[in-house]
Structures are given as C-alpha cells and as structure tokens.
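S.K.:
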Amino acid sequence: MTQALPLPKYHQIYLVLREQLHEGRFAQGLPGEMALMQQFGVARVTVRRALQELAGEGLISRERGRGTRPVDGPAPRAPRTGSKTTRLTGLLENLVSTSLNTTVKVLEVSEVSATAEVAHALRLDAGAAVQKAVRVRSTREGPLSHITTWVPAALASRFGKKELARKAILLLLEESGVRLGGAQQTISARLADAQVAGHLGLAVGSALLAVRRLIHDEQGRPVQWLHGLYRPDRYEYQMQLSRVGDIDAKVWVSSDFSAQFH
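Per my numbering, the very first residue in the sequence shown carries number 3; after that it's consecutive.
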C-alpha cells in the first residue's frame, strides 16, 4: 500500500474493495483473508478491519464456511439524464490526437454478460451480451491510463482485438454505422488496486483520476460505457469557462475542454 496518502491502510483497502464491488468484480465471492493480505501486503488485522467496514455498510456478508460474498443492493448510479452533455466533436478530436501520440496495449477483449451496473448504464437487460475491452495506453514516459469499456455485442460485432489496438472505439463505432450524439461524463478519484497498479507502474493504493463516460447515439441510445483510470502525474483535464446570466446571477459554465498528457 502507498505510504503517501494520509489514510489508514485498512481504509485504503476498504476504498479499493468498495469500488471493485460496485463494478461487479466479486460475483463469485471475495478473496479470502490470506489472499487479501498478500495482495495488499498488510497484516490480517488490517484486512479484517477493512472487511468490517464493508460489512457495516451492508456491501458484503460474512458467513463461516461460506466465505465473504457481495450483497445485492440498489441499481448503481449511471450519469444523470439531465447532466451536462459533452460535444462529441471535441471529444473525437481529442481521442484522435491521443491515439496518434500514444501507444495502446490490449489486455482483454471478450463477450461477457453485463453486470447490473453495465446493464443499467447501457439500458440493457441484466445478463445481456456486451463486448468488454481492457486496454492500457502509454506515452514515451510510460503507462498513462487503464481503460475498460463495454459496448452492446450487436454494435461490436465488426471489431475485435486487432482493430482495438489501432483505433479508438468511438471511431470503430462510427465506421460500423453508429451516428454518435453526445456523452455524459463524471470525473472523480480512486485508489489503485493491485491489478491496475501493476499495469500503471504504481504502488497499490496510489491516487488515480477516475473517469466514467456514457456515450449515446443521435437517438439518445447508450452505445458505450467507459471506466478510465489515469495517472494524475501524466494526465490533466482542462476546461474553458465563461460567465453567463444576469448581473446578479452570473454563473460559470464550461464551453470546451481538452485532455492533456505528458
């Protein structure tokens, strides 16, 4: 675990496991205490404290002989319908620029059953077929981002690992006949788990920028759900702001954006 964060180790583990639970990573049950001790390099008491926090929130149940299992909760949150929509012209230009100046390694491409979160975001039935792709993008300085995307299987039938290694998914969707409309995006923070930390060259528990982006077509139908994790020392998100409204009620609104990496 990273020593740079002013958080107890058990709380760092709790945050990592909570995010993984929300992603549906432990459908068959959580790893045992020994496995978690080895993964995070901590003592049993630290792991148990993290699991107690998760159990206290009703996220997991612990039963002797049955192990630790996630507890089904309400449908995960997707971007709000009324949230600001990013213009896809700027987004596509930014993605093209990124792909030209970075290299990508495709870690996984497979057709899977949509988890509750993915199905909710893409407005699919639970268990519907989706293409899951996991990629790591790098600059000359090293790994930049760890990106996981889900696309309805019917829309991803024309591209696979070879195509994903060469082009951004949005470009591949356009080439498949999808007319892209807009995107809802949220940016927050997350701690790196063991898997992501290894791919990005960081210590487990390091802070990352977390981007969640839902792309929809011109009819408003979701066509891609993205989880992106970025090294904050190599990536920054910039927005142009302007003030609008009456003199006594002016507010700042974003007019454009760009993602810078180094």
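Glycine residues also receive a C-beta, built at the ideal position from the N, C-alpha and C atoms.
Buried or exposed: Q186, going by 16 or more other Cβ atoms within 10 Å of its Cβ?
M.R.: That one is buried.
S.K.: Going along the chain, which residues of its own chain have a beta-carbon closer than 8 Å to the beta-carbon of L109, five neighbours each way excluded?
M.R.: Cβ neighbours of L109 beyond the five flanking positions: V136, R137, V138 and H201.
S.K.: Distance, Cα to Cα, L204 vs H148?
M.R.: One C-alpha to the other measures close to 12 Å.
S.K.: Assuming Q30 is part of the beta strand (DSSP E), what are its boundary residues?
M.R.: Looking at the DSSP string, Q30 is not in any beta strand (DSSP E), and its letter there is neither H nor E.
S.K.: Helix, strand or coil, according to DSSP, for V180 in the structure here?
M.R.: Note: V180 maps to coil in three-state DSSP.
S.K.: Do L231 and R192 have their C-beta atoms within less than 8 Å of each other?
M.R.: A contact, by the Cβ cut-off of 8 Å.
S.K.: Any chance the stretch 115-135 sits against the stretch 222-240, with 3 or more Cβ pairs inside 8 Å?
M.R.: As far as the Cβ criterion goes, the stretch 115-135 touches the stretch 222-240, which means the pair count is three or higher.
S.K.: Can you give me the C-alpha to C-alpha distance between R50 and E238, rounded to a whole angstrom?
M.R.: If you take the alpha carbons of R50 and E238, they lie about 36 Å apart.
S.K.: Between the stretch 161-174 and the stretch 11-18, are three or more C-beta pairs nearer than 8 Å?
M.R.: No, because fewer than three Cβ pairs between the stretch 161-174 and the stretch 11-18 fall closer than 8 Å, the two stretches do not touch.
S.K.: Measuring alpha carbon to alpha carbon, tell me which residue in D195, V111, T117 and G58 is nearest Q40.
M.R.: Ranking D195, V111, T117 and G58 by Cα distance to Q40 puts D195 first.
S.K.: Any idea if G207 is buried or exposed, counting beta-carbon neighbours within 10 angstroms, 16 or more meaning buried?
M.R.: G207 should be labelled buried.
S.K.: Take I217 as the anchor and find which of V153, G162 and R27 has the nearest alpha-carbon.
M.R.: It is V153.
S.K.: Under a three-way DSSP split, which group does K134 fall into?
M.R.: In the structure shown, K134 sits in a strand (DSSP, three-state: E or B).
S.K.: Hey, is G67's beta-carbon within less than 8 Å of any beta-carbon in chain B?
M.R.: No chain B is present in this structure, which holds just one protein chain.
S.K.: If we ignore side chains and look at the alpha-carbon of each, how far apart do K163 and K107 end up?
M.R.: Between K163 and K107, the C-alpha separation is close to 10 Å.
S.K.: Using the beta-carbon count (16 or more within 10 Å), is R215 buried or exposed?
M.R.: With 16 or more Cβ atoms within 10 Å of its Cβ, R215 is classed as buried.
S.K.: If you measure between the beta carbons of S178 and A212, is that distance less than 8 Å?
M.R.: No, the Cβ-Cβ distance between S178 and A212 is not below 8 Å.
S.K.: Counting only the same chain and skipping the five closest in sequence on each side, list residues whose C-beta sits under 8 Å from that of L56.
M.R.: Contacts found: Y16, L19, R20, L23 and I62.
S.K.: By how many angstroms is the C-alpha of R66 removed from the C-alpha of A199?
M.R.: One C-alpha to the other measures close to 31 Å.
S.K.: Tell me which residue opens and which closes the alpha helix (DSSP H) that Q41 is part of.
M.R.: Taken as a continuous stretch (DSSP letters only), the alpha helix (DSSP H) holding Q41 covers E35 to F42.
S.K.: Using a Cβ-Cβ cutoff of less than 6 Å, which residues in the same chain neighbour F161 once the five nearest sequence positions on both sides are dropped?
M.R.: Result list for F161: L174, in chain order.
S.K.: Tell me the DSSP secondary structure of E119 in three-state form.
M.R.: Here E119 sits in helix by DSSP.
S.K.: On a CA-only basis, which of A167, G34, P33 and R64 is nearest S140? Give me that one, please.
M.R.: Closest option to S140, Cα to Cα, is A167.
S.K.: Cβ atoms of A118 and V132: under 8 Å apart, would you say?
M.R.: No.
S.K.: Using a Cβ-Cβ cut-off of 6 Å (strictly less than) and excluding sequence neighbours within five positions of Y12, which residues of its own chain qualify?
M.R.: Closer than 6 Å at Cβ, skipping near neighbours: T48, R51 and A52.
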